[in-house]
Amino acid sequence: MSFLGDVVDWFGDGSHWNGEDGVIHRLAEHVQISLVAILIAAAIALPIGILLGHVRRGGLLAINISNIGRALPTLALLIILVQIFGIGDPPGLLAFTGSLPALIALVALAIPPMLTNAYVGITDVDPDARESAQGMGMSGGQQLTRVELPIALPLIMAGVRTAAVAVVATAALAAYIGYGGLGRFIIDGLSTQDNVQVFAGAVLVALLSVAIEFGLAGVQHVLVPRGLRVGKERVERDVDQAPVEAVPAARAPIGEARQG
Amino acid sequence: MGPLSLAQDIGSRWVYWPWVGDHLDEIRARLSEHISLTVLAVAYGLLIAFPLALLAVRWRRLYPPIIGVTGVLYTIPSLALFVILIPWTGLSRTTALVPLVAYTLLILIRNIVAGLRAVPPEVQEAAEGMGYRPVRRLFVVDLPLALPAIFAGVRIATVTTIGLITITALIGQGGLGQFMIDGFQRDFRTPLTVGVVLSVVLAVAADLVLVGAQWLLSPWVRKGGRGSR
Chain A
28 MSFLGDVVDW FGDGSHWNGE DGVIHRLAEH VQISLVAILI AAAIALPIGI
78 LLGHVRRGGL LAINISNIGR ALPTLALLII LVQIFGIGDP PGLLAFTGSL
128 PALIALVALA IPPMLTNAYV GITDVDPDAR ESAQGMGMSG GQQLTRVELP
178 IALPLIMAGV RTAAVAVVAT AALAAYIGYG GLGRFIIDGL STQDNVQVFA
228 GAVLVALLSV AIEFGLAGVQ HVLVPRGLRV GKERVERDVD QAPVEAVPAA
278 RAPIGEARQG
Chain B
6 MGPLSLAQDI GSRWVYWPWV GDHLDEIRAR LSEHISLTVL AVAYGLLIAF
56 PLALLAVRWR RLYPPIIGVT GVLYTIPSLA LFVILIPWTG LSRTTALVPL
106 VAYTLLILIR NIVAGLRAVP PEVQEAAEGM GYRPVRRLFV VDLPLALPAI
156 FAGVRIATVT TIGLITITAL IGQGGLGQFM IDGFQRDFRT PLTVGVVLSV
206 VLAVAADLVL VGAQWLLSPW VRKGGRGSR
């Protein structure tokens with residue numbers, strides 16, 4: 028029997044799907060902690076990024092502060108958080124997510140891309156559009172909600188997507204510090220030298236990530252007003268007109284570096 | 006203080022210097038392992054990304070599929086990609102290196118293409134008017150002008166790779182990542198601190214080296230420098 032045949036058999040075995048350590052339960056754990064982390068991070072990062080972008084102040088400072096954490100490898104972050112907080116549950120209502128250090132790590136990783144993209148999205152709004160809004164007598168709040176936010180939405184959503192993919196990847200890694208989730212299959216398979224289980228786990232983790240990336244792309248497509256959708260044509264044109272400085276060395280690493 | 010509580014005391018300190026002094030050889034070995042994996046990953050990445058980027062610039066239609074495939078690779082979590090070759094290549098350096106190279110491709114291709122596409126058409130036409138053949142124009146005109154964008158890509162790819170290598174410790178590679186795992190498994194913080202500090206320092210140092218390399222390679226940007234005279 029070939030190796031890939033063994034993997035197919037692994038997926039065909041019902042005992043791998045049910046129970047505490049079955050695929051269904053692990054998937055639920057994985058999605059649960061990821062979702063909670065993204066919601067907490069969004070509640071922190073988006074208002075700050077949007078507000079700083081709107082008043083055009085303190086943005087660089089905020090971005091630099093949130094970038095300090097980026098230099099730290101995710102595995103190191105998880106292990107350090109275990110040293111500080113132990114491996115217990117989060118307190119109170121969040122106890123169901125199952126791991127305090129994992130949750131903190133995921134939130135910490137999700138904040139920078141969301142904050143940066145929200146800030147850049149709002150500050151990049153065409154000054155003409157903003158002036159028109161002012162000329163029409165819109166208040167600051169109206170400008171923000173009716174002009175700046177809709178125009179910035181594609182970039183804000185791009186930040187959420189980047190954050191979500193990083194969170195799902197790191198949630199898999201959290202299996203190493205004893206968290207559940209789909210990463211368990213890989214980590215346990217590695218320690219028992221069960222290559223079939225390792226490979227099956229890798230397939231599951233990869234599928235979840237790709238599904239979330241494409242799922243959020245779909246959400247973005249629905250949310251962004253038609254006139255603002257970045258169509259093929261517009262991407263091509265933007266790239267054509269982009270000066271070499273469009274990828275400035277100092278700014279490029281922000282929100283780009285891969286985590287986990 | 007009994008021996009057990011002494012061990013606990015040493016384990017809970019973030020740095021126990023005698024350990025560092027006793028393990029300098031190992032630290033040097035892991036550091037050089039980390040550096041060589043980084044250099045190999047980015048070098049192979051550039052070797053693959055360059056031709057693909059040139060194809061995408063020459064034939065625009067190839068750009069979306071190339072970015073699509075490398076984008077999906079980039080989306081796959083590192084833990085998954087680092088174990089996927091184990092059935093064929095075992096817990097080897099190759100198993101770690103192939104995903105590391107794969108992760109550099111999206112960043113490198115995107116930046117090389119953006120840099121090359123941003124070369125002003127007037128400049129290209131001037132070069133052609135001066136009788137430059139396409140290959141010569143690429144190396145003498147296009148690539149130097151695209152250098153800032155290309156270097157931005159190489160810097161991101163390098164810093165990202167240095168961070169990702171620590172995760173390959175889970176498949177027996179990992180360079181400095183091995184120290185993090187040692188520290189975690191033995192409940193002994195000193196190796197953890199050594200691994201974390203050195204990998205962050207390495208990332209910052211590599212970034213500075215690349216900034217320096219870019220400066221050396223673009224003499225025309227240095228105002229008042231020797232190259233501009």
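Protein sequences, first through last, are from chains A and B.
Numbering follows our numbering, with no gaps: position 138 of the first sequence is 165.
Numbering follows our numbering, with no gaps: position 36 of the second sequence is 41.
C-beta atoms are modelled at their ideal positions from N, C-alpha and C, and glycine is treated no differently.
Nearest-angstrom Cβ-Cβ length linking residue 133 of chain A and residue 188 of chain A, presumed shorter than 8 Å
Here the question's residue 133 of chain A lines up with position 106 in the first sequence. Here the question's residue 188 of chain A lines up with position 161 in the first sequence. With a Cβ gap of about 15 Å, residue 133 of chain A and residue 188 of chain A do not count as contacting.
Under 9 Å from the C-beta of residue 42 of chain B: neighbouring residues of chain A:
If you number the second sequence from 1, residue 42 of chain B lands on position 37. Per Cβ cutoff of 9 Å: no residues; residue 42 of chain B is ~14 Å from chain A at best.
Can you pull the chain A neighbours of residue 66 of chain B, defined as C-beta to C-beta under 7 Å?
Here residue 66 of chain B refers to the residue found at position 61 when the second sequence is read from its first residue. Residues of chain A passing the Cβ test: none, with the nearest at roughly 11 Å.
Mind checking if residue 85 of chain B is an interface residue toward chain A, Cβ cutoff 8 Å exclusive?
Counting from 1 along the second sequence, the entry for residue 85 of chain B is found at position 80. With 8 Å as the cut-off, residue 85 of chain B counts as an interface residue toward chain A.
Taking the C-alpha atoms as reference points, what is the distance between residue 81 of chain A and residue 192 of chain A?
Within the first sequence, numbered from 1, the residue matching residue 81 of chain A stands at position 54. Within the first sequence, numbered from 1, the residue matching residue 192 of chain A stands at position 165. Cα-Cα distance, rounded: 27 Å.
Considering only residues of the same chain and omitting the five flanking positions on each side of residue 168 of chain B, which have a CB-CB separation below 8 Å?
Translated into positions along the second sequence, residue 168 of chain B becomes position 163. Cβ neighbours of residue 168 of chain B beyond the five flanking positions: 204, 208.
What are the start and end residues of the alpha helix (DSSP H) that includes residue 186 of chain A?
Taking the first sequence and counting its residues from 1, the one referred to as residue 186 of chain A is at position 159. Element bounds for residue 186 of chain A: 176 to 200.
With respect to the alpha helix (DSSP H) encompassing residue 67 of chain A, which residues constitute its N-terminal and C-terminal limits?
For the purposes of this step, residue 67 of chain A is identified with residue 40 of the first sequence, where counting begins at 1. Residue 67 of chain A -> alpha helix (DSSP H) spans 50 to 82.
Does the stretch 11 to 19 of chain B come close enough to the stretch 68 to 75 of chain B that 3 or more CB-CB pairs lie under 8 Å?
no
At the 8 Å Cβ level, is residue 237 of chain A part of the contact set with chain B, yes or no?
By 1-based counting over the first sequence, the position of residue 237 of chain A is 210. Taking Cβ atoms only, chain B reaches closer than 8 Å to residue 237 of chain A, which makes this a yes.
CB contact below 8 Å: residue 188 of chain B versus chain A
Mapped onto the second sequence, residue 188 of chain B falls at position 183. So, interface residue.
Can you name the start and end residues of the alpha helix (DSSP H) that residue 248 of chain A belongs to?
Start at 1 with the first residue of the first sequence, and residue 248 of chain A comes out as number 221. First-last of the alpha helix (DSSP H) with residue 248 of chain A: 222 to 250.
At least 3 beta-carbon pairs within less than 8 Å: the stretch 154 to 162 of chain B vs the stretch 130 to 146 of chain B
no
Got a sec? Which residues, its chain only, sit under 7 Å from residue 217 of chain B by beta carbon, not counting five neighbours each side?
In the second sequence, counting from the first residue as 1, residue 217 of chain B sits at position 212. Sequence-distant partners of residue 217 of chain B (beyond 5 residues in either direction) whose C-beta falls short of 7 Å from its own C-beta are missing from its chain.
In angstroms, rounded to a whole number, what distance separates the CA positions of residue 121 of chain B and residue 233 of chain A?
Translated into the one-based positions of the second sequence, residue 121 of chain B becomes position 116. Translated into the one-based positions of the first sequence, residue 233 of chain A becomes position 206. So the alpha carbons of these two residues sit roughly 32 Å apart.
On the criterion of 16 or more Cβ atoms from any shown chain inside 10 Å, does residue 148 of chain A qualify as buried, or is it exposed?
Your numbering for residue 148 of chain A matches position 121 in the first sequence. Flag for residue 148 of chain A reads buried.
Using only CA atoms, which one of A:206, A:251, A:75 lies nearest to residue 182 of chain A?
Looking up residue 182 of chain A in the first sequence gives position 155. If we check each option's Cα against that of residue 182 of chain A, A:251 comes out closest.
Report the rounded CA-to-CA distance for residue 5 of chain B versus residue 98 of chain B, giving the unit in angstroms.
In the structure as shown, chain B begins at 6 and stops at 234. Residue 5 of chain B is therefore absent and cannot be evaluated.
Within 7 Å of chain B by C-beta, residues of the stretch 206 to 231 of chain A in sequence order:
210, 213, 217, 222, 225, 226, 229
Coarse secondary structure for residue 34 of chain B, derived from DSSP in three states
Position 29 of the second sequence, counted from the first residue, corresponds to residue 34 of chain B. Reduced to three states, the DSSP call for residue 34 of chain B is helix.
On the premise that residue 201 of chain B lies in contact with residue 107 of chain A, defined as a C-beta separation below 8 Å, what is that separation, rounded to the nearest angstrom?
Taking the first residue of the first sequence as position 1, residue 107 of chain A is located at position 80. Taking the first residue of the second sequence as position 1, residue 201 of chain B is located at position 196. 7 Å between Cβ atoms; contact.
Exposure of residue 218 of chain A, with buried meaning 16 or more beta-carbon neighbours within 10 Å
Taking the first sequence and counting its residues from 1, the one referred to as residue 218 of chain A is at position 191. Counting Cβ neighbours within 10 Å, residue 218 of chain A comes out exposed, since fewer than 16 surround it.
Residue-level contact to chain B via CB, residue 103 of chain A, 8 Å cutoff
By one-based count along the first sequence, residue 103 of chain A stands at place 76. Output row for residue 103 of chain A: interface = yes.
Simplified DSSP state of residue 44 of chain A, which is helix, strand or coil
As a first step, residue 44 of chain A is located in the first sequence; it is residue number 17 there, counting from the start. The answer is coil: DSSP assigns residue 44 of chain A none of H, G, I, E or B.
Within the 8 Å Cβ cut-off, does residue 73 of chain B reach chain A?
Here residue 73 of chain B refers to the residue found at position 68 when the second sequence is read from its first residue. False, the Cβ-Cβ gap to chain A never drops below 8 Å.
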